[in-house]
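Have a look at the structure below before the remarks.
2 protein chains.
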Amino acid sequence: MTLPILRDFQCSHCPIRHRAVCSHCDTGELNMLENIKTYRSFSAGEVIFWRGEPLGYVASLVTGVAALSKTLEDGRTQMVGLLLPSDFIGRPGRDKIDFDVTATTDVTLCCFDRKPFETLVRETPHLTQRLMELALDELDVARDWMLLLGRKTAREKIATFLEMLARRAEPDEKRSSMILPMSMTRDQIANFLGLTLETVSRQLNAFKKQGVIEFSDRKYIAVKDLPALHAASGDDSDQGFGS
Amino acid sequence: MTLPILRDFQCSHCPIRHRAVCSHCDTGELNMLENIKTYRSFSAGEVIFWRGEPLGYVASLVTGVAALSKTLEDGRTQMVGLLLPSDFIGRPGRDKIDFDVTATTDVTLCCFDRKPFETLVRETPHLTQRLMELALDELDVARDWMLLLGRKTAREKIATFLEMLARRAEPDEKRSSMILPMSMTRDQIANFLGLTLETVSRQLNAFKKQGVIEFSDRKYIAVKDLPALHAASGDDSDQGFGS
DNA sequence: CGCGATTTTGAAAGATCTCAACATCTGTGG
DNA sequence: CCACAGATGTTGAGATCTTTCAAAATCGCG
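Sequences listed follow chains Y and H, in order. Quick note, the working numbering runs 10 ahead of the 1-based positions in the first sequence. Quick note, the working numbering runs 10 ahead of the 1-based positions in the second sequence.
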C-alpha cells in the first residue's frame, strides 16, 4: 500500500498544536517547522516503521493510535509503548529505532525530514525542551508498565489496562460507568500485557461475569464499576495509574 | 544515618565530567553548576529518595550503583531502573518522583538544589539537550526491560542479566570468560527480573551446573562461556542487549 | 566460634500457557 | 437480505513453569 501524502494545513489549526513537539514554539519557530513538514496516513494494521530501518523522517502522531513493539528471535512479541495523538516518533541523533511501529487504528502523522529537523532542534531550545518533556513522560509510563509486566497477575493486568482506557477516555469525569471504544484485538491486548490471548479472553469474561464490565460486539467495552476495576488493579488505593 | 557532605572538588576533575548532565557544558556553564553543587554520600542499602517525597535537589550519580523501584499495595516490588555513574536523578519541572531510589552499593551523588538548577536549565540549552539524551537512553533501556519482563522465561532473564553485567564490565573486550563483581543479593536480582529469589537461585545454579558460569563466594560471578549466555538470552543473534 | 543473613534445595500448589475444538462476528458476494 | 468464509473470540483439559512454603546449608561478620 502506498503512503498518501495529504495536503498540508496550517499548524495554527493543528489539533495537537499545544501538546506536540512544537507546543513551546513561537510563531517564527512554527514557520520553520511548517516548511519541513508533510502529512502521511496509514491504515489500521500497516507498519509505520520497521525496526532497524534507517529513519528518513521523524513524526508527531496527529490522529489515531500506534503501537511500539519488540520481538524475540522465536516470535514472541511485546508492546513497549502506545502512541497517542501528540506523541513523537523517532529521536534526534539516532538514525534508526529498535522497535517496530504499527498503526493500531487509522493514523495520520505530521512528518519532518530527519536531517533538517535535527538542524532545527539544535538551534531551537524550545524544541529540545519539549522533546525532553515528552521523553520523560514516556519514561514514567514505561516504568509503570514495567511494574505491571514484572509483578502483576493476569487479573490485575486486565484491570489496570481497562482502568487506563477509562481514564484516557474521560480524564475528568469520575463516573463509575462508561463506554470505551475498543480498537485492539485480544491478541494485541495480550502482547501489550505480556499474556496470551486466551488468558486475556478468560480474564475479560471473568470481569464480565462479575458485572464489572459488559461487552457484546467487538467494538466497545462498557465499564459498569470503575471502582471495582481499580480495586482489582493492585495499585495503591490513593494513587492513579500512570504519571 | 546522616548524610555526610563531602568537600567539593573541581568539576574539571570529575570522573563523569564527559558523560553526565554537564557533558555538553562549556567552562562558563560549568562554573554556574559548580556554584550550586554539593556532594552527598550514601551507604549500601540506604534510601536516597522516597517515592512521593518532595525533591529538594536533583543529582548526578558519581560513583556506585543505585536502584529505582516501585511497590504494589501488598508489597510486591519491581525494580524499574538501575542508575550507574553519570546517570541523572530527578526531572526538571516535577517536584517529586514516583519510585524509591535506593543505594545498591555505597554511592556518591553530585547534588544540585532543584530550584536554581531548573533556572539554569531554562537558560542553558546544553543542559536541556543532555537531559533529553539521557532520558532517551533510559527509555531505550526501559523498553528492552519491558520485553524481558513481559516475555522472557526465567532462564532467559538470568542469561540476559548476566550478559548485561558482562557487557557493562567490559564494553570493548570480547573475551568469553570474565569475572563480574556481584553487589546484588538474590532477592535484589529477583526484584530486578520479576522473579522470586528461589527461582533466581535455581537458574543461577543451573547455569553453574552447565559450566556457563562459576561462583563460590557471594561477591563474584565468573562467566566462563559468554556466547552460551547470549544464546540463552532469547535475543536476536545479531543484536546486543540494550540500546 | 557463633549467630543472623543469605542461599540452596525439595515438594507441592497454583497460575498461566499450550493445544484443540468450537462459537461468534463481520464483511463480502450472490 | 441471506449465506458463506475467514478472522476473531471463547472454552476446556492437560502440561508446564514459576511460585510458595518449608527446611537445611552456607556465608560472613563480629
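Built from N, CA and C at the ideal position, the CB exists for glycine as well.
Following the continuous beta strand (DSSP E) through Y:Ala113, name the residue where it begins and the one where it ends. Asp110 to Ala113
For the structure I just gave you, are there three or more beta carbon pairs, one from the segment 36-43 of chain Y and one from the segment 78-94 of chain Y, closer than 8 Å? no
Does the distance from the CB of H:Phe109 to the CB of H:Val131 come in under 8 Å? no
Taking the alpha-carbon of Y:Leu93 as reference, which of Y:Gly85, Y:His23, Y:Cys121 and Y:Ala113 has the nearest alpha-carbon? Y:Ala113
Is the separation between the beta-carbon of Y:Ala145 and that of H:Ala232 shorter than 8 Å? no
Listed by chain order, chain Y residues near H:Pro135 by CB distance under 7 Å: Pro135 and Thr138
Quick check on this structure: which residue in H:Phe217, H:Thr87 and H:Leu119 has the alpha carbon closest to the alpha carbon of H:Phe75? Here residue 75 of chain H is Val; the residue named in the question, Phe, does not match the sequence. Selected option, being the one with the closest Cα: H:Leu119.
Residues near H:Gly66 by beta carbon distance below 8 Å, same chain, minus five either side: Asp123 and Arg124
Looking at the secondary structure, which residues open and close the alpha helix (DSSP H) in which H:Ile302 lies? The question about residue 302 of chain H has no answer here: the residues shown for chain H are numbered 11 through 253.
Taking the beta strand (DSSP E) that H:Pro191 belongs to, which residues open and close that run? Met188 to Pro191
If we cut at 8 Å on Cβ distances, does H:Met192 have a partner in chain Y? no
Rounded straight-line distance, which links the Cα of Y:Val151 to that of H:Asp227: 38 Å
Once the 5 residues before and after Y:Leu159 are set aside, which same chain residues still bring their CB inside 6 Å of it? Gly204
Cross-chain neighbours of H:Ser187 in chain Y, by beta carbon under 9 Å: Under the 9 Å cutoff, chain Y gives no residues; its nearest Cβ is about 24 Å from H:Ser187.
Using a Cβ-Cβ cutoff of less than 8 Å, which residues in the same chain neighbour H:Asp105 once the five nearest sequence positions on both sides are dropped? Pro64, Leu65 and Arg124
Any alpha helix (DSSP H) of 4 or more consecutive residues that is wholly inside the segment 187-225 of chain Y: 196-203 and 207-219
Pull up the distance between the alpha-carbon of H:Asp116 and that of H:Pro95, whole angstroms please. 12 Å
Enumerate in chain order the residues of its own chain whose CB-to-CB distance from H:Arg6 is below 8 Å, with the five nearest sequence positions on each side excluded. Absent from the structure is residue 6 of chain H, since the part of chain H shown begins at 11 and ends at 253.
Which residues share a DSSP beta bridge with Y:Ser51? Y:Thr118
Element boundaries [beta strand (DSSP E), containing H:Ala152]: No beta strand (DSSP E) contains H:Ala152, which is instead part of the alpha helix (DSSP H) from Pro135 to Arg161.
What residues from chain H crowd round Y:Arg161, counting only those whose CB sits closer than 8 Å? Leu82, Arg86, Thr87, Gln88 and Gly204
DSSP state of Y:Lys125, grouped into three classes? helix
Is the beta carbon of Y:Glu133 closer than 8 Å to that of Y:Gly103? no
What does the alpha-carbon distance come out to for the pair H:Val111 and H:Asp235? 33 Å
Using DSSP with H/G/I as helix, E/B as strand and the rest coil, what is H:Gly38? helix
Proximal residues to Y:Arg61 (C-beta, below 7 Å), its chain only, five neighbours per side dropped: Ile107, Asp108, Phe109 and Asp110
Keeping to the same chain, check which residues put their C-beta closer than 8 Å to that of Y:Leu172; ignore five residues upstream and five downstream. Leu190, Phe217, Ile223, Ile231, Val233 and Leu239
Using a Cβ cut-off of 7 Å, pull out every chain H residue sitting near Y:Phe109, in sequence order please. Arg153
So what does DSSP say about H:Ile46, is it helix, strand or coil? helix
With a CB to CB cut of under 6 Å and the five nearest residues on each side skipped, what residues in its chain are close to H:Phe52? Ile58, Ala113 and Val117
Just by C-beta distance, which residues in the segment 29-43 of chain H are closer than 8 Å to chain Y? none
Thinking Y:Ile168 and Y:Leu214 are a contact (beta carbons under 8 Å), I'd like their distance in whole angstroms, please. 6 Å
When you compare the CB of Y:Ser247 with every CB in chain H, is at least one pair closer than 8 Å? yes
Just the chain Y side, please: which residues come within less than 7 Å of H:Arg101 by C-beta, in chain order? Leu146
Determine whether the Cβ of H:Asp105 lies closer than 8 Å to any Cβ atom of chain Y. no
Is it right to say Y:Arg185 is buried, meaning 16 or more other beta carbons lie within 10 angstroms of its own, or is it exposed? exposed
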